[in-house]
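Q: In the numbering used here, the protein residues as written are 2 to 111.
I'd like to ask you about the structure that follows.
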Amino acid sequence: MSALAATFMTGCAQNPDVRDGHDHTSGITEKSPPDYLGCVKEEMHGSATTYEVGSGDSVRLFVDSTDPNTANGLVELRSYGTRQQFMAYQRDAWYDHGRLLDAALMCSKA
2 MSALAATFMT
12 GCAQNPDVRD
22 GHDHTSGITE
32 KSPPDYLGCV
42 KEEMHGSATT
52 YEVGSGDSVR
62 LFVDSTDPNT
72 ANGLVELRSY
82 GTRQQFMAYQ
92 RDAWYDHGRL
102 LDAALMCSKA
């Protein structure tokens, strides 16, 4: 096996931070953090276990694990006055057609 192939396979075997992937979206919402994250969780239809972790003016909603290296999704919400900026990340979004990313966008507007 070539060194390049070995390097490629080693890289695929690792679980990088979900925020390092290419499946993500972001935006602004005027909903309060509890209302916005409640909407996102509701749109997930109980298909995943979620965990909220808050500190200061930000809240993170993890999907399936609070470890970014094993979580299947993450929504980060940061408050700026009455507006909230969100960043949503999903590992392997192709698998469920980006359900978390769609929920993050839809809930920001509803």
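The C-beta atom is built at its ideal place from N, Cα and C for all residues, glycine as well.
Residue 109: buried (16+ other C-beta within 10 angstroms of its C-beta) or exposed?
A: buried
Q: If you scan the stretch 24-48 from start to end, which runs of the alpha helix (DSSP H) of 4 or more residues do you find wholly inside it?
A: 34-44
Q: Classify residue 104 as helix, strand or coil using the three-state DSSP reduction.
A: helix
Q: DSSP beta-bridge partners for residue 55?
A: Note: residue 55 is bridge-paired with 60 in the DSSP secondary-structure output.
Q: Would you say residue 71 and residue 62 are within 7 angstroms of each other, going by their C-beta atoms?
A: no
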